[in-house]
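Each remark here refers to the structure printed beneath this line.
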Amino acid sequence: MKSSIIDSIKSLPPLSATIVEINRIYADENSTIKDMAKAIEHDHMIIANILKIANSPLYGFGKEIKNAAQAVSLFGMNMTRTIALGNSVKKLLNVDMQPYKITSEEFAHISSLQAALMFNWYIKINRHKAEELYLAAFLQETGKILIASEIIQNDETISFASEIENSNNIATVEKAYLDATSGEVTALVFKHWGFESDFIEMIKYSDNPSEAPDDIKEFSTALNIIKTIVPINKPFSEMSINFGLKKASDAGYNVALLEEAIAQTADSLNT
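Under my numbering, think of the first position of the sequence shown as 766, with each following residue one higher.
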């Protein structure tokens, strides 16, 4: 990994007091939904983002969600934490995704799609794992923000973007330019911010799950399948879906469950 990327990570500002409090509440077994709602009630940006996502067709709650307490109650503590973290991470980092030929809004939307697909899939397998993987899926592409910044600074945007546009394996393009994949950069970002080791490791190996330690291999494999189906250059394309289903089959998953989740998530885009 280039030293300039490492230096950029070391110079990242700390997470906000709101996020620190959210993480504290989440880690406290005695905390409640009410505690989580109270932690975010004064952060208008987080509340606006949570309400926007709660009222999107991705989750299909069926009624308008009007306040933070209602949204937190429906989402639960883990998903609320994920959305708040995603909002704060994007705000902390300078989001210019031109090298990937997408806008910052499209990048945020793809992150939401990856998280929704993960949840719709893994809730059919194991609810606890689904909640763990939801956070990782939502944030696993964070490293692309720093990679994009590095590509721009190196004046390599045109060549990089051209390769990304036509690639079926974005990680190999990233590795060629920066000697690091997005998953590896993302892992270092969250290590810098003091996240739990399992979360960091599952993302670190998400571009190469065969190398993952046995205890997190399933999680890294699931993340890799999701980013294969919803890559930032060809989300939900026929080719991307077929590649993802093949990976799921090779990993021993019940492919029918994943196909159901793909249909459920894709249908939400048309409502």
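Glycine residues also receive a C-beta, built at the ideal position from the N, C-alpha and C atoms.
Span separating the alpha-carbon of D920 from that of G908: So the two alpha carbons sit approximately 19 Å from each other.
From A901, F925, N820, residue whose alpha carbon lies closest to that of I912: Nearest Cα to I912 within the set A901, F925, N820: F925.
Sequence-distant residues of its chain with Cβ nearer than 7 Å to I916 (five each side left out): Annotation for I916: P864, T922, F925, Y942 place their beta carbon closer than 7 Å to its own, counting only its chain and skipping 5 residues before and after.
For the alpha helix (DSSP H) holding K969, just list the boundary residues, first then last. Run containing K969: 962-969, per the alpha helix (DSSP H) assignment.
Cβ neighbour criterion (16 or more within 10 Å) applied to N814: With 16 or more Cβ atoms within 10 Å of its Cβ, N814 is classed as buried.
Bounding residues of the alpha helix (DSSP H) (the contiguous stretch that carries N788): Residues 782-792.
In this structure, does DSSP put L911 in helix, strand or coil? Look at L911 here: in three-state DSSP terms it is helix.
Expected contact under 8 Å - CB spacing of M1040 and S869 to nearest Å: In the structure displayed, the chain extends from 766 to 1036; residue 1040 sits before or after that span and is not available.
Less than 8 Å between the CB atoms is what I'm expecting for M997 and K1012, so what's the real figure, rounded? This sequence places Ile at residue 997; Met is not what is there. Contact flag wrong, Cβ pair sits at about 17 Å.
Apply the 10 Å Cβ neighbour rule to A782 and answer buried if 16 or more other Cβ atoms are within range, or exposed otherwise. Looking at its Cβ environment, which holds fewer than 16 other Cβ atoms inside 10 Å, A782 is exposed.
What is the rounded straight-line gap between the Cα of K940 and the Cα of E906? Their backbone Cα atoms lie some 14 Å apart in a straight line.
Tell me, to the nearest whole angstrom, how far the beta carbon of A1026 is from that of N891; I am working on the premise that it is less than 8 Å. The C-beta distance from A1026 to N891 rounds to 14 Å, too long to meet the 8 Å contact threshold.
What is the rounded straight-line gap between the Cα of M842 and the Cα of Q835? So the two alpha carbons sit approximately 12 Å from each other.
Check whether P974 and L988 have beta carbons under 9 Å apart: It is a contact, given that the beta carbons lie within the stated cut-off.
Is any non-hydrogen atom of the ligand FAD found closer than 8 Å to the C-beta of A987, if you look at the structure I gave you? The model depicted lacks the ligand FAD and carries no ligand whatsoever.
Would you report the Cα separation of T1021 and S768, rounded to the nearest angstrom? Sequence check: residue 1021 is Ala here, not Thr. Computed Cα separation, rounded: 44 Å.
Measure the alpha-carbon distance for S776 versus G959 and round it to whole angstroms. Roughly 14 Å separates the two Cα atoms.
Pairwise C-alpha distance: M766 and Q918: Taking the straight line from one Cα to the other gives about 16 Å.
K999, DSSP secondary structure in three states: It is coil, neither helix nor strand.
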